[in-house]
Amino acid sequence: AQSVTQLDSHVSVSEGTPVLLRCNYSSSYSPSLFWYVQHPNKGLQLLLKYTSAATLVKGINGFEAEFKKSETSFHLTKPSAHMSDAAEYFCVVTPGGAGGTSYGKLTFGQGTILTVHP
Amino acid sequence: GAVVSQHPSRVICKSGTSVKIECRSLDFQATTMFWYRQFPKQSLMLMATSNEGSKATYEQGVEKDKFLINHASLTLSTLTVTSAHPEDSSFYICSALLAGGQDTQYFGPGTRLTVL
Numbered sequence: 001a002q003s004v005t006q007l008d009s010h011v012s013v014s015e016g017t018p019v020l021l022r023c024n025y026s027s028s029y030s031p032s033l034f035w036y037v038q039h040p041n042k043g044l045q046l047l048l049k050y051t052s053a054a055t056l057v058k059g060i061n062g063f064e065a066e067f068k069k070s071e072t073s074f075h076l077t078k079p080s081a082h083m084s085d086a087a088e089y090f091c092v093v094t095p096g097g098a099g100g101t102s103y104g105k106l107t108f109g110q111g112t113i114l115t116v117h118p
Numbered sequence: 001g002a003v004v005s006q007h008p009s010r011v012i013c014k015s016g017t018s019v020k021i022e023c024r025s026l027d028f029q030a031t032t033m034f035w036y037r038q039f040p041k042q043s044l045m046l047m048a049t050s051n052e053g054s055k056a057t058y059e060q061g062v063e064k065d066k067f068l069i070n071h072a073s074l075t076l077s078t079l080t081v082t083s084a085h086p087e088d089s090s091f092y093i094c095s096a097l098l099a100g101g102q103d104t105q106y107f108g109p110g111t112r113l114t115v116l
């Protein structure tokens, strides 16, 4: 079984300040972890993914996330927020490896809405 | 690369009619596609897993006779909402898994279904 908890439903920052979106997971397998972003009435765009390589993962638009197994966390950060970063962000886990009945099945966190103030 | 399209992007229909939503992987082959449903201000809920050439696997609580899924080729999966009712109004999103063992899903832009 696997689950994802996004610790904040809403995060509000000022433009130019750092962003931290928190995510904790649990998984029976060595998981793959993802962050996706969703703008209003749009599909999901992949920001970055962790698949058991480097624990610090760099993604698009200046975002990065660090996989910490001891803390079962995969927090998303960005040094300086832009107005265009305002959106909803989803932390997602899937069982790692190929094959099996759970292969490819994603478990989504509840989402964190990021608001960026001028 | 890895673009997924959905058609239509928005549909309004009368209660009792059926609506077909297409999901296409434009520049890659996808042996597996997934269909999700998203209610306002909520996360995505997996409805079913669609495998090319075989029957879809539905999640618990999803009516397979109401939500018909056909994955006829490596680039196309369709979701048909049969005898739609207002409670079926939602945002439907598909995703496609890259063939070859990768576990990254690429999402379509979604289809907004409104049933009157």
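Protein chains in written order, with the working numbering: chain A, 1 to 118; chain B, 1 to 116.
Virtual Cβ for every residue (Gly too), placed ideally from N, Cα, C.
In DSSP terms, what lysine 64 of chain B is bridged to:
The residue you call residue 64 of chain B lines up with position 64 of the second sequence. The partner list for lysine 64 of chain B (beta bridge, DSSP) is empty, contrary to what the question assumes.
Proline 95 of chain A by DSSP, collapsed to three states: which one?
Counted from its first residue, the first sequence places residue 95 of chain A at position 95. Proline 95 of chain A: strand per DSSP, three-state reduction.
Chain A within 8 Å of lysine 55 of chain B, Cβ atoms only
As a position in the second sequence, residue 55 of chain B is number 55, starting the count at 1. No, no contact with chain A.
Per DSSP, what kind of secondary structure is serine 64 of chain A in: helix, strand or coil?
Residue 64 of chain A sits at position 64 when you count from the first residue of the first sequence. The question names serine, but residue 64 of chain A in the sequence shown is glutamate. In this structure, glutamate 64 of chain A counts as strand in the three-state DSSP scheme.
So which residues on chain B does asparagine 24 of chain A lean against when the C-beta distance must stay under 8 Å?
On the first sequence, residue 24 of chain A is found 24 positions in, with the first residue counted as 1. Per Cβ cutoff of 8 Å: no residues; asparagine 24 of chain A is ~15 Å from chain B at best.
Is aspartate 88 of chain B buried or exposed, if buried means 16 or more other CB atoms sit within 10 Å of its CB?
Within the second sequence, the letter at position 88 stands for residue 88 of chain B. Per the 10 Å Cβ criterion, buried.
Based on Cα-Cα distance, which residue from B:Arg10, B:Leu98, B:Phe67 lies nearest to asparagine 41 of chain A?
Sequence index remark: in the first sequence, residue 41 of chain A carries index 41 (1-based). The option with the nearest alpha carbon to asparagine 41 of chain A is B:Arg10.
To the nearest angstrom, how far is it from the Cα of glycine 13 of chain A to the Cα of asparagine 24 of chain A?
Mapped onto the first sequence, residue 13 of chain A falls at position 13. Mapped onto the first sequence, residue 24 of chain A falls at position 24. Note on residue identity: the sequence assigns valine, not glycine, to residue 13 of chain A. Each residue's Cα considered, the two are about 21 Å apart.
Would you mind working out which of A:Leu76, A:Glu71, A:Ser52 sits nearest asparagine 61 of chain A, comparing C-alpha positions?
Stepping through the first sequence from its first residue, residue 61 of chain A is reached at position 61. If we check each option's Cα against that of asparagine 61 of chain A, A:Leu76 comes out closest.
Residue interval of the beta strand (DSSP E) (run including asparagine 51 of chain B):
Translated into the one-based positions of the second sequence, residue 51 of chain B becomes position 51. Segment 44–51, the beta strand (DSSP E) holding asparagine 51 of chain B.
Which residues in chain A have a C-beta closer than 8 Å to the C-beta of glycine 110 of chain B? List them in chain order.
The residue you call residue 110 of chain B lines up with position 110 of the second sequence. Result: Asn41, Lys42, Gly43.
What does a CB cutoff of less than 6 Å around serine 27 of chain A pick up in its chain, not counting 5 residues either side in sequence?
Residue numbering aside, residue 27 of chain A sits at position 27 when the first sequence is read from its first letter. Counting only Cβ-Cβ distances below 6 Å, and skipping sequence neighbours, we find Gln2, Val93.
Looking at the C-beta of threonine 114 of chain B, does it have a partner C-beta in chain A at a distance below 8 Å?
Here residue 114 of chain B is taken as the residue at index 114 of the second sequence, counted from 1. No, threonine 114 of chain B does not count as interfacial toward chain A.
Below 8 Å on the Cβ atoms is my guess for proline 95 of chain A versus tyrosine 29 of chain A; work out the distance and round it to an integer in Å.
Numbered from 1 along the first sequence, position 95 holds the residue referred to as residue 95 of chain A. Numbered from 1 along the first sequence, position 29 holds the residue referred to as residue 29 of chain A. Correct: roughly 4 Å between the Cβ atoms.
Within chain B, the residues that lysine 68 of chain A reaches when beta carbons sit closer than 7 Å:
To locate residue 68 of chain A, count along the first sequence from 1; it is residue 68. Neighbours of lysine 68 of chain A on chain B: none; closest Cβ ~20 Å, over 7 Å.
Spatial neighbours of serine 50 of chain B within its chain, please: C-beta separation below 6 Å, excluding the five flanking residues on both sides.
Residue numbering aside, residue 50 of chain B sits at position 50 when the second sequence is read from its first letter. Around serine 50 of chain B: Met33, Ala56, Ile69, His71, Ser77.
Which of helix, strand or coil DSSP assigns to glutamate 22 of chain B
Counting from one through the second sequence, the residue named residue 22 of chain B turns up at place 22. Looking at glutamate 22 of chain B - three-state DSSP - the assignment turns out to be strand.
How many angstroms separate the CA atom of leucine 46 of chain A from the CA atom of serine 18 of chain B?
Here the question's residue 46 of chain A lines up with position 46 in the first sequence. Here the question's residue 18 of chain B lines up with position 18 in the second sequence. Their Cα atoms are separated by approximately 31 Å.
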